Amino acid sequence: MSKTAKNLFSKMTIDEKIGQLIQVTGDFFQNDDSEITGPLSQTNRLKEDAPYNVGSVLGISGADDVAKIQKDFLDHNRLKIPLLFMADIVHGYKTIFPIPLGIASTFNPDMMTISSEVAASESAAGGIRVTFAPMTDLVRDPRWGRVMESTGEDPHLNSVMAAASVKGFQGELPIDNNHVAATVKHFAGYGMPEAGREYNTVDISEWRFRDQYLSSYKAAIDAQAKLVMTSFNTLFGVPATGNKYLMKDILRDELSFDGVLISDWNAIEELIHHGTAADLNNAAEIALNAGVDIDMMAFAYSKLLDDIDGIPDKILKLIDESVIRILELKEDLGLFKDPYIGISQQKEMDAGVANKNRQQALRVAEESVVLVKNSNNTLPLSTSQRVFLTGPKANTGDLLGSWSWKGDIDATDSLFTQLKQKMDTVNFAESINYRQDSSNEWDNIVDQVKDVDVIVVALGLQSSESGEATSMTNPALPEEQVTYLQKLHLLGKPVVTIVITGRPLILRTVNELSDSVLISFFPGTMGAKALSNILVGDTEPTGRLPMTFPRSTGQIPIYYNAYNTGRPAEIGVQNGESKYISKYIDSPNEPLYPFGFGLGYADIDIVDVTMINHVVSMSGTIELTVKLVNVSNNAGSTVLQCYTHQKVGDTVRPLKELKWFKKVYLLANSSKEIKISLAVQNLASVHSDLKSSVDEGYYDVMVGLNSLEMKHDDVQIKYLEEK
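The sequence shown begins at 1 in full-length UniProt numbering and counts up by one.
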């Protein structure tokens, strides 16, 4: 701790110390439309002058507003300890990038870094010093609404994207005035609620948690994220916010996290609802014992002020430890030198900066779009083709998604606005809202379609249908939209369907009725331009699915890296058994679209895989070469993916585990050889004693362009004598 922080700490009263542990919304300081992300039933728990002792504020931004609040606060605060302003800057501040699930679709961590860096720069100018991102929860259930804030179902992809996001938000340490501190959330296991229902119970073994879920949190912490946020759910039978084993033993000791731990909104009070705390005082002590430094909007820590003399010495010591961590964070962020650090109304309004940021958002949006069907090369369109554009997502700026902060739907171009700049002829009829049929306009639609070459229909969900508290029992398009697509299909023209969504959906009927299908996970400010560029071939779709798309709701949760069973379907069929195997009687086991899947406008395939070393030591590296060939007249990209499978182990292993991926560009009619190197230590798995290590034995190494279609070879890992 620095001399400045030590000096402040030595002068603080217990009231002032506890104040540093309390976070409130901006409306405690002014009448403002603060971003509210939780219930507001407890806002009367602070004493009249208490806001001038609190440590941090969430949900307010803007250079002018933040500067005014900071000045007023410092005028009233005895020790002049600045406020720390925090917010959910998830995928953009003013310039909105694709939602994190969309950025994961790029399979390009540079795109995550770019998105986070722009969001950091813009929000820092608006006075924000901490963002509540990235969300590193592993998610496999599309019924859960916050899947949009995740990077999908795979531990390796999650880990790579988590580290890239922290790098973008924070930049090089120490954090400068163009960057913000990142918060790893939600620790832990928030992304696996039972039945996909928000805030529901999480019941998972510690073995599986460590084997599949812990790695992405670790990657973000290893990237030196400054904060961690607790999750709402239980884990190992104890609510995370009061789970000392989780927060002290695993987070602090095992993962070596020494930063600030903040609760989620009102999570400390919710220990009472969980049945693990008797009252607010008890909840406060439990959370402090677990190491939670900041109480977000539960006002549990402020309750301790009702009886200062009755606070146990142990709790006083924990309060001191939390205060020190908070003061160190404020110092790391430069607030003691300049309480207004980074705040710049001029930068907020700089048109040149805004235009540059939009170009970055366009680049990321283009890489995020996934082509999952393209019969008869319907796409790309020729600009001379006559197009009928229709659907509820065709003429709307609702392309931003949840957590879009200061993004402006009304100022966001629609697909219609952008596409008519590209095509010679674009007839348009919105025809339906999200849940309204087209009967009133159908005759007009039929007349318009007669004279066109292709129908482009933009379907999808509204931004409000994904994000927190938006769980669905049936993640699918509204029935009215599917019915409309069926009617369009019967008109006999090629149909290109664009699906704008915040989660995987059941798209079996859409797939059957469409010649081409593009999936875009809320693509952001520049989404319409990105989609129009892809439609006409100015750029190609290079996205790949970061989550499996099920055939039906009954398959959920479905993910590529499941563990095998004792009666796998494939082996049963090979042995002539068709009944007593792990399968459904009304559906194939396979998904509609697998993890890692996506098409492009070039015809690229793997023609050769060569394993360089079939026997490797524990400290060695598996090496193989892969030859890719583009046999088309179009240049293009693909995502080369490498998976492994441990054939025999102490515990069961996934059928496939992604270990390496790379986006590869090939010129028309060309080939390219790619070398893949995998450190053997990356094959470590969690054993029955909950410790992680690499087993001796045989491993299947698989290379493909998605998680279903693979070319295989074997490698043996041995304890060889090191030369």
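In this text, a Cβ means the ideal position worked out from N, Cα and C, and glycines have one as well.
Note that the coordinates shown come from a computational prediction; the quantities given were computed from them, not determined experimentally.
- Runs of the alpha helix (DSSP H) lying entirely within the stretch 113–199 and spanning at least 4 residues, in chain order: 155–170.
- Look at the beta carbons and you see the stretch 121–132 touching the stretch 62–74: at least three pairs across the two are nearer than 8 Å.
- By the C-beta density criterion, I308 is exposed, having fewer than 16 other C-beta atoms within 10 angstroms.
- Sequence-distant Cβ neighbours of M111 in its own chain, meaning closer than 7 Å and more than five residues away, are I103, V364 and E367.
- For H614, the three-state secondary structure derived from DSSP is coil.
- DSSP, reduced to helix, strand and coil, places N377 within a helical segment of the structure shown.
- For G102, the enclosing alpha helix (DSSP H) starts and ends at P100 to S105.
- G572: member of the alpha helix (DSSP H) spanning A569 to Q574, first to last residue.
- By the criterion of a C-beta distance shorter than 8 Å, Q486 is surrounded in its chain by T509 and L513, once the five residues flanking it on both sides are discounted.
- In this model, T621 and S692 are separated by some 18 Å (Cα to Cα).
- Within the model, the alpha-carbon separation for A195 versus N376 is close to 39 Å.
- Taking all protein chains in view, the Cβ of R435 is surrounded by fewer than 16 other Cβ atoms within 10 Å, so the residue is classified as exposed.
- Under the three-state reduction of DSSP, Q360 is assigned to helix.
- Between L419 and L535, the C-beta gap is smaller than 8 Å, which places the two residues in contact.
- Taken through DSSP and simplified to helix, strand or coil, E623 comes out as strand.
- Contact between H186 and T230 holds: their C-beta atoms lie close to 7 Å from each other, under 8 Å.
- With contacts defined as CB atoms closer than 8 Å, V372 and Y593 qualify as a contacting pair.
- Contact annotation, V496 with T378: C-beta distance approximately 6 Å; criterion of less than 8 Å satisfied.
- P339 sits buried, since 16 or more C-beta atoms from the chains shown fall within 10 Å of its C-beta.
- Scanning the stretch 205–274 for uninterrupted alpha helix (DSSP H) segments of 4 residues or longer gives 214–222 and 270–274, listed from N- to C-terminal end.
- Counting of Cβ neighbours within 10 angstroms places E172 among the exposed residues, the total staying below 16.
- Looking at the backbone, the Cα of A119 and that of P568 are separated by about 46 Å.
- For the pair I262 and I221, the CB atoms are not nearer than the 8 Å cut-off.
- If you look at M349, you'll find it in the alpha helix (DSSP H) that goes Q345 to M349.
- The Cβ atoms of R143 and S552 lie no closer than 8 Å to each other.
- In the three-state DSSP reduction, N630 falls in the strand class (E or B).
- Here K711 is not near E696, since their CB atoms are 8 Å or more apart.
- Taking the Cα positions, R503 is about 19 Å away from T525.
- Residue D88 holds the alpha-carbon nearest to the alpha-carbon of D264 among D88, H76 and L545.
- Taking T625 as the centre and dropping the five residues before and after it, the same chain places the C-beta of T610, E673 and K675 closer than 6 Å to its C-beta, in chain order.
- In terms of CA proximity to L507, G460 leads the group F522, G460, Q346 and K244.
- By DSSP's assignment, L658 forms a beta bridge with Y643.
- Each of E198, V292 and M148 was checked against the Cα of S105, and the nearest Cα belongs to M148.
- In chain order, Y301, S302, L304, L305 and I319 place their CB closer than 7 Å to the CB of I18, counting only its own chain and leaving out the 5 sequence neighbours on each side.
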